[in-house]
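Numbering (our numbering), first residue to last: 275 to 1155.
These notes are about the structure you will find just below.
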């Protein structure tokens, strides 16, 4: 097959035209068929006017037969010639017999194809006729191509190796239409839009069928056939209407109309969007269409990394990924640097410009970092020293290192400015906080880059340590939609408020209104059993996707106050040692760990699952339930290991015994008989004792100085880990079901210190401060200077600590204050003047933290009434609603 020469001109970049090419070669034929594979050749354009040649891939009407041709704008038809009878030869390129065709000069090419079908049995749509390097078009006549007697035509067939004949048909029709439009031929531009929609719809069908491999291969054809490049060529065409049509077609890939079941298809289109980005970036990096493509590609990379938790471009060589993504990371890195420079001087103006660039910078950086890691041989070969690199990597990694240092320098200046107190309006502060979110994302990118270079992690740590105040301010303003796991590496630099904010963002957010409520009606006498039935059998989505509505049987009170009371009562019941689920620590009865003997209740594992849900829900609703976990339990939830020092509170006697073994004199321990201990542990359960080996053959392994550390470690694992592994697993699963992302459970607990979780579950250990109480109380129908209000606070100050807690619970259903005291409550407290007679007791609307005081005639009468409601057994459910 001969190919006519072509030339290119400056208005279409050579790099763009070169991409419209095929990797197939006409070098293999199927000897068992009459028609061969056919090469897909390059498409190049000479000019944007009517006088240029385009060499392109062509398919017949059913996308089966393909060939190469060069078409010209000048017609070769002989004007005014009359029809005449012709005979010519059609040679089968696969080696079959040559056929003699008889036809008239004004017969169509399609009629010739039909003759061939009758002679050979090859379907018309699988045929291609080549004459003088051109493929003959169906609707043309023989005279149009100046075919004379004894002319030699070549018959070619469809490509044997393609698995996607319909895909090739659509793609090549699209390319053919674009070529015609770029030549200035009058064709309907919406045909391009239609072909693109057909292509996307076909991909959707493959995805619905769960045929990922076919879907991926279908999409790859779009790039390999040159369709993406053809659309970009159309976009830069000066011919009226072409740019708009091409842009609309490209936008279909950026915003496909897909239902939720096939939305994941967009991630399969990474290669197409990447191709658009590379081609459009050659036109202008400020082009809105290029920026839109780049943003979409960034979103796709994020989806693949976060949702699928896999490496992007796993089908490509690491070196190829580096070459493909580095230009974007470099471009975006420079934009981030420029944005930070602007932010130093005009932070409000720079916020919006940073927003998209920072997100995309992170999105492109992560797969690039992974590719570099793979190319260098894995994490074991990181960090690197630039002077030791091979020349083939020095350009990319050297440039990336320069970007890293410049961004680090600029972000340091921005964080320094953050720490300077400024007087701003509320609107300005909100704007600044939006910018702070970008700072946190930039620090994440720097943290990622620091893994590559020797000394880089120390550079980042130095900045974070010196800007610790700013770092914690950033974290406390962080948003739920972002991935903050990298902060765990610097947990020692964070405050309790920061760590609490990080973990609470992993839980569902409370709303003022819900589309549906999960309703419970509980009998106080059957509190634990009925609560278990409701919560354990509920769909997890109903628990964290909607609101909880709680009501006690035969009581009028409802609302948040009753819900807070229910949380406290349920947790007290769950952790009551009489229920055998948890055991209290000997030295701290507030602190609990799972009971190894909990299986006395056949439903014990279901109850642990239920408990995990309850604890998570109490955190969602910010209710301090007065319960804290032992360190051994906390560490297992965090995926950590339990050491000897960790068991001190859970079992002081056990701790003391192990400590003595480790510190015992070597000679004394190794004397004949020693302590008489082997690798066995005695267990007492339900009044009976049994022995269990700590390891295989443990009964025959005597304890001595050389194996005592192993003995103690095995003893700890057996006592505090293995014996409760099922209980911990069920609790963890129940807790995870309430998280927004169940896979984040270990991260939730690892982000916290044990004392942090204590504060979140139990609240403040400090005595109630009456002055703080007064400072957070407002009045309705009365004033702070009224004699009755003065009497009230005087009486409260004279109460015992227990009475004050009961009064607070009666008033608010809050049994334990947050660590911030009254300032940490969800609302201020209120004292209302009640219309009830002076001989009535106070009442409370716990939902609104509202205490209603009758108009008492004396301080003594008020004190008498308050003493009645501060009796523990009377304080529950006195609230109205």
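Cβ atoms here follow ideal geometry from the backbone N, Cα and C, with glycine treated the same way.
* Name, in chain order, the residues that DSSP records as bridge partners for residue 373. => In the chain shown, counting from the first residue as 1, residue 373 sits at position 99. DSSP, once it has assigned bridges, lists 364 as partnering residue 373.
* **For residue 868, the first and last residue of its enclosing beta strand (DSSP E)** => What you label residue 868 is simply residue 594 of the chain shown in a count that begins at 1. Start and end: 865-868.
* Using DSSP with H/G/I as helix, E/B as strand and the rest coil, what is residue 548? -> Within the chain shown, numbered from 1, the residue matching residue 548 stands at position 274. When DSSP states are grouped into helix, strand and coil, residue 548 belongs to the helix group.
* To do: My understanding is that residue 522 touches residue 509, with C-beta atoms under 8 Å, so please give their C-beta distance in whole angstroms.
  => Start at 1 with the first residue of the chain shown, and residue 522 comes out as number 248. Start at 1 with the first residue of the chain shown, and residue 509 comes out as number 235. Contact between residue 522 and residue 509 is ruled out by a C-beta separation of about 10 Å, above the 8 Å threshold.
* Asked: Can you give the Cα-Cα distance for residue 997 and residue 1065, rounded to whole angstroms?
  -> Indexing the chain shown from 1 puts residue 997 at position 723. Indexing the chain shown from 1 puts residue 1065 at position 791. In a straight line, the C-alpha of residue 997 is about 56 Å away from that of residue 1065.
* To do: Quick one: residues in its chain with C-beta nearer than 7 Å to the C-beta of residue 216, no 5 flanking neighbours on either side, listed in chain order?
  => Residue 216 is absent from the model: the chain starts at 275 and stops at 1155.
* Asked: Can residue 507 and residue 456 be called in contact, C-beta distance under 8 Å?
  -> Translated into the one-based positions of the chain shown, residue 507 becomes position 233. Translated into the one-based positions of the chain shown, residue 456 becomes position 182. Here residue 507 is near residue 456, since their CB atoms are less than 8 Å apart.
* To do: Output the distance between the C-alpha atoms of residue 403 and residue 440, rounded to the nearest integer angstrom.
  => As a working mapping, residue 403 is identified with position 129 in the chain shown. As a working mapping, residue 440 is identified with position 166 in the chain shown. Taking the straight line joining both Cα atoms gives about 20 Å.
* Asked: Could you give the distance in angstroms between the alpha-carbon of residue 1120 and the alpha-carbon of residue 837?
  -> As a working mapping, residue 1120 is identified with position 846 in the chain shown. As a working mapping, residue 837 is identified with position 563 in the chain shown. Going from the Cα of residue 1120 to the Cα of residue 837 covers about 10 Å.
* To do: Specify the secondary structure class of residue 954 as computed by DSSP and reduced to three states.
  => To locate residue 954, count along the chain shown from 1; it is residue 680. DSSP places residue 954 in strand when its eight states are reduced to three.
* Are there 16 or more other CB atoms within 10 angstroms of the CB of residue 830, so buried, or fewer, so exposed? -> In the chain shown, residue 830 corresponds to position 556, counting from 1. Around the beta-carbon of residue 830, fewer than 16 other beta-carbon atoms lie within 10 Å, marking it exposed.
* Count the other C-beta atoms from every protein chain shown that fall within 10 angstroms of the C-beta of residue 939, then say buried if there are 16 or more, exposed otherwise. => Translated into the one-based positions of the chain shown, residue 939 becomes position 665. Sixteen is the threshold: since fewer than 16 other Cβ atoms of the shown chains lie within 10 Å of the Cβ of residue 939, the residue is exposed.
* Compute the distance between the beta-carbons of residue 454 and residue 461, then report whether it is under 8 Å. => Taking the first residue of the chain shown as position 1, residue 454 is located at position 180. Taking the first residue of the chain shown as position 1, residue 461 is located at position 187. A contact, by the Cβ cut-off of 8 Å.
* What does DSSP give as the partner residues of residue 378 in its beta bridges? -> Along the chain shown, one-based indexing puts residue 378 at 104. Its beta-bridge partners are 359.
* Asked: Hey, would you say the C-beta of residue 1119 is under 7 Å away from at least one heavy atom of the ligand MG?
  -> Questions concerning the ligand MG fall outside what the structure shown contains, since it holds no ligand whatsoever.
* **Beta carbon of residue 770 nearer than 8 Å to that of residue 1129** => Start at 1 with the first residue of the chain shown, and residue 770 comes out as number 496. Start at 1 with the first residue of the chain shown, and residue 1129 comes out as number 855. The Cβ-Cβ distance between residue 770 and residue 1129 does not fall below 8 Å.
* Run of the alpha helix (DSSP H) containing residue 977, from where it starts to where it stops -> Residue mapping note: residue 977 aligns to position 703 of the chain shown, counting from 1. For residue 977, there is no enclosing alpha helix (DSSP H), as DSSP marks it with neither H nor E.
* To the nearest whole angstrom, what separates the beta carbons of residue 1037 and residue 1082, a pair I think is in contact under 8 Å? -> Indexing the chain shown from 1 puts residue 1037 at position 763. Indexing the chain shown from 1 puts residue 1082 at position 808. Going by Cβ atoms, the distance from residue 1037 to residue 1082 rounds to 11 Å, so no, they are not a contact pair.
* Asked: Between residue 571 and residue 561, what straight-line distance do the alpha-carbon atoms span, to the nearest angstrom?
  -> Start at 1 with the first residue of the chain shown, and residue 571 comes out as number 297. Start at 1 with the first residue of the chain shown, and residue 561 comes out as number 287. Roughly 15 Å separates the two Cα atoms.
* **For residue 1077, the first and last residue of its enclosing alpha helix (DSSP H)** => Within the chain shown, numbered from 1, the residue matching residue 1077 stands at position 803. Run containing residue 1077: 1075-1086, per the alpha helix (DSSP H) assignment.
* **Cβ contact (3+ pairs, closer than 8 Å) linking the stretch 791-807 and the stretch 1052-1060** => Proximity of the stretch 791-807 to the stretch 1052-1060 falls short of the contact definition, fewer than three beta-carbon pairs being nearer than 8 Å.
* **Buried/exposed call for residue 852, threshold 16 Cβ in 10 Å** => The count along the chain shown starts at 1 and reaches residue 852 at position 578. Residue 852 comes out exposed.
* **Residue closest to residue 1002, alpha-carbon to alpha-carbon, out of 418, 711, 807, 869** => Sequence index remark: in the chain shown, residue 1002 carries index 728 (1-based). Closest option to residue 1002, Cα to Cα, is 869.
* **Local conformation of residue 853 per DSSP, three classes** => For the purposes of this step, residue 853 is taken as the residue at position 579 of the chain shown. Helix at residue 853.
* Between residue 1157 and residue 685, is the Cβ-Cβ spacing less than 8 Å? -> There is no way to answer for residue 1157, as the model of the chain reaches only from 275 to 1155.
* Would you list the one or two residues that DSSP bridges to residue 985? => Reading the chain shown from its first residue, position 711 is the one you call residue 985. Its beta-bridge partners do not exist; DSSP assigns none.
* Considering only residues of the same chain and omitting the five flanking positions on each side of residue 444, which have a CB-CB separation below 6 Å? -> One-based indexing of the chain shown puts residue 444 at position 170. Taking residue 444 as the centre and dropping the five residues before and after it, the same chain places the C-beta of 469, 472, 473 closer than 6 Å to its C-beta, in chain order.
* Asked: In whole angstroms, what separates the C-alpha of residue 915 from that of residue 496?
  -> Here the question's residue 915 lines up with position 641 in the chain shown. Here the question's residue 496 lines up with position 222 in the chain shown. So the two alpha carbons sit approximately 51 Å from each other.
* **Whole-angstrom distance between residue 895 and residue 272, CA atom to CA atom** => The structure shown has nothing for residue 272, since the chain only spans 275 to 1155.
* **Exposure label - residue 1014; buried when at least 16 CB within 10 Å** => Numbered from 1 along the chain shown, position 740 holds the residue referred to as residue 1014. That one is exposed.
* Are the stretch 773-789 and the stretch 720-734 touching, with three or more C-beta to C-beta distances below 8 Å? -> No: fewer than three Cβ pairs fall under 8 Å.
* To do: Please report how far the alpha carbon of residue 1023 lies from the alpha carbon of residue 912, in whole angstroms.
  => Within the chain shown, numbered from 1, the residue matching residue 1023 stands at position 749. Within the chain shown, numbered from 1, the residue matching residue 912 stands at position 638. Each residue's Cα considered, the two are about 5 Å apart.
* **Assigned exposure category for residue 1016 - 16 Cβ within 10 Å defines buried** => Along the chain shown, read from residue 1 onward, the residue named residue 1016 stands at position 742. Exposed, by the Cβ-count rule.
* Compute the beta-carbon to beta-carbon distance between residue 714 and residue 744, rounded to the nearest angstrom, for a pair I have assumed lies under 8 Å. => Residue mapping note: residue 714 aligns to position 440 of the chain shown, counting from 1. Residue mapping note: residue 744 aligns to position 470 of the chain shown, counting from 1. The pair is not a contact, with the Cβ atoms about 10 Å apart (cut-off 8 Å).
* To do: Label residue 788 either buried or exposed according to how many other C-beta atoms from any shown protein chain fall within 10 Å of its C-beta, with 16 as the threshold for buried.
  => As a position in the chain shown, residue 788 is number 514, starting the count at 1. With fewer than 16 Cβ atoms within 10 Å of its Cβ, residue 788 is classed as exposed.
* Asked: Under three-state DSSP, which class holds residue 630?
  -> Here residue 630 is taken as the residue at index 356 of the chain shown, counted from 1. In the structure shown, residue 630 adopts helical secondary structure according to DSSP, grouped into three states.
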